[in-house]
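Encoded as structure tokens, the structure appears first; notes follow it.
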Amino acid sequence: MAELTDWAFPAELQPSANGLRFDLRPVLDAVVSLRSEIPEDAFSAPVLGTERAGSGVVIRDDGLIVTIGYLITEAESIWLTANDGTVVAGHPLAYDAVTGFGLVQPLGRIGAPALARGSSATVTVHALKAHLIAKREFAGYWEYVLDEALFTSPPHPQWGGAALVGDDGKLLGIGSLLVQEALNGEPIQGNMFVPIDLLEPILDDMLKHGVPTQPPRPWLGMYTAEAEQRLVVSALAAGGPAESAGARLGDIVIEVAGERVSGLADMFRKVWRLGPAGVEVPLTIARDGTLTQLKVRSADRSHFLKKPRLQ
Numbered sequence: 218m219a220e221l222t223d224w225a226f227p228a229e230l231q232p233s234a235n236g237l238r239f240d241l242r243p244v245l246d247a248v249v250s251l252r253s254e255i256p257e258d259a260f261s262a263p264v265l266g267t268e269r270a271g272s273g274v275v276i277r278d279d280g281l282i283v284t285i286g287y288l289i290t291e292a293e294s295i296w297l298t299a300n301d302g303t304v305v306a307g308h309p310l311a312y313d314a315v316t317g318f319g320l321v322q323p324l325g326r327i328g329a330p331a332l333a334r335g336s337s338a339t340v341t342v343h344a345l346k347a348h349l350i351a352k353r354e355f356a357g358y359w360e361y362v363l364d365e366a367l368f369t370s371p372p373h374p375q376w377g378g379a380a381l382v383g384d385d386g387k388l389l390g391i392g393s394l395l396v397q398e399a400l401n402g403e404p405i406q407g408n409m410f411v412p413i414d415l416l417e418p419i420l421d422d423m424l425k426h427g428v429p430t431q432p433p434r435p436w437l438g439m440y441t442a443e444a445e446q447r448l449v450v451s452a453l454a455a456g457g458p459a460e461s462a463g464a465r466l467g468d469i470v471i472e473v474a475g476e477r478v479s480g481l482a483d484m485f486r487k488v489w490r491l492g493p494a495g496v497e498v499p500l501t502i503a504r505d506g507t508l509t510q511l512k513v514r515s516a517d518r519s520h521f522l523k524k525p526r527l528q
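Start counting the sequence shown at 218; every next residue gets the next number (this note's numbering).
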């Protein structure tokens, strides 16, 4: 398993119970350490690795844990460690590619308290000591868009699955990424959090079916980056739809279904508007100074992933 080295925040950055409107101890105890092992032949292993580590947050009295999904995608084993040292195995219960949330069910009593869920909608930038520096759209190269993500600073070194807690002691978001933002015109490192508000509408479906029940979005397996106001294909999923259709590294995406694209989020939304997974996606790309037409038969991303074994 991945080993975490001992570390500590400077004292001035550590949370203090003084002056808070809530009891800090149970909030901290609701956050558990999470480690997972993934098979070497897993689809996500080349990018995300076979040993992953981060955190999860207990959100129900039965021990249900929410985390960021990439920590548990294709996991064959999960171990959870509470603040009192209790260690139990976990089962990867559900994953939603649209929001990025993952759910884990402890296979034993972990003894951690549940943390109430709040709403990021009422949180303002620079609220209290949360250091919320921005709320804005986020687009990820892995065909992912959040209409409004939460950005905080200073960065947490173990951001995956970290809890963003409001000044009322309620959970506001789950940590996803280390990012660079701009504050007063200066670059600043921070973390991106997925708002917890996005969990409630899909929670029941995830618990019952392992995924939300809406039709899966079309997935291209084409990892695209914004460079000099162009959308450049920087990687292709092996055996994925885009590679199979003839896409190449360095291709520049110009249009989706005849509509010019203006950015990463715009491109993804134009693809998703065409229909569910399986729909044909016409792409106009620039390659070696020439426009080329590709017809990509999209797929359901989950069909490429290993499924959890029944417990």
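Every residue, glycine too, gets a C-beta built ideally from N, C-alpha and C.
Residue closest to residue i, alpha-carbon to alpha-carbon, out of the options
i: Ala314; options: Ile295, Phe355, Thr290 and Ala329; result: Thr290
i: Ile276; options: Ala452, Gly506 and Gly390; result: Gly390
i: Gly378; options: Val248, Ser515 and Lys425; result: Val248
i: Phe355; options: Ala455, His520, Phe485 and Thr303; result: Phe485
i: Glu445; options: Ala464, Val470, Ala462 and Ala454; result: Val470
Straight-line Cα distance separating residue j from residue i
i: Ala270; j: Gly319; result: 14 Å
i: Leu221; j: Gly457; result: Caution is warranted here: a pLDDT of 49 is assigned to Leu221, below 50, making its placement in the model unreliable, and no coordinate value can be reported.
i: Leu466; j: Ala329; result: 47 Å
i: Val264; j: Ala299; result: 28 Å
i: Val362; j: Gly495; result: 20 Å
i: Thr430; j: Ser337; result: 24 Å
i: Leu332; j: Asp278; result: 9 Å
i: Thr267; j: Glu257; result: 6 Å
i: Ala306; j: Ala292; result: 12 Å
i: Asp421; j: Glu472; result: 37 Å
Within 8 Å, strictly: CB atoms of residue i and residue j
i: Leu388; j: Val513; result: no
i: Pro433; j: Pro493; result: yes
i: Val450; j: Met439; result: yes
i: Gly407; j: Pro372; result: yes
i: Ser253; j: Ile295; result: yes
i: Gly386; j: Arg238; result: yes
i: Val488; j: Leu437; result: yes
i: Pro412; j: Glu365; result: yes
i: Gly286; j: Tyr312; result: yes
i: Leu297; j: Ile327; result: yes
i: Leu529; j: Gly427; result: Here the chain covers residues 218 to 528 and nothing more, so residue 529 does not appear.
Residue range of the beta strand (DSSP E) that includes residue i
i: Pro323; result: Phe318 to Pro323
i: Glu443; result: Met439 to Ala444
i: Ala366; result: Tyr361 to Thr369
i: Pro404; result: Glu403 to Pro412
i: Val498; result: Glu497 to Arg504
i: Lys523; result: Where Lys523 is concerned, there is no enclosing beta strand (DSSP E), given that its DSSP letter is neither H nor E.
i: Phe355; result: Leu349 to Gly357
Outcome for residue i when other beta-carbon atoms lying within 10 angstroms are tallied against a minimum of 16
i: Glu460; result: buried
i: Gln510; result: exposed
i: Gln322; result: buried
Any C-beta of chain C under 8 Å from that of residue i
i: Pro309; result: Considering every chain present, this structure includes no chain C. It has just one protein chain.
Start-to-end residues for the alpha helix (DSSP H) that takes in residue i
i: Pro429; result: It is not in any alpha helix (DSSP H) - Pro429 carries neither H nor E in the DSSP assignment.
i: Val315; result: Element bounds for Val315: n/a, residue is neither H nor E.
i: Val244; result: Leu241 to Asp246
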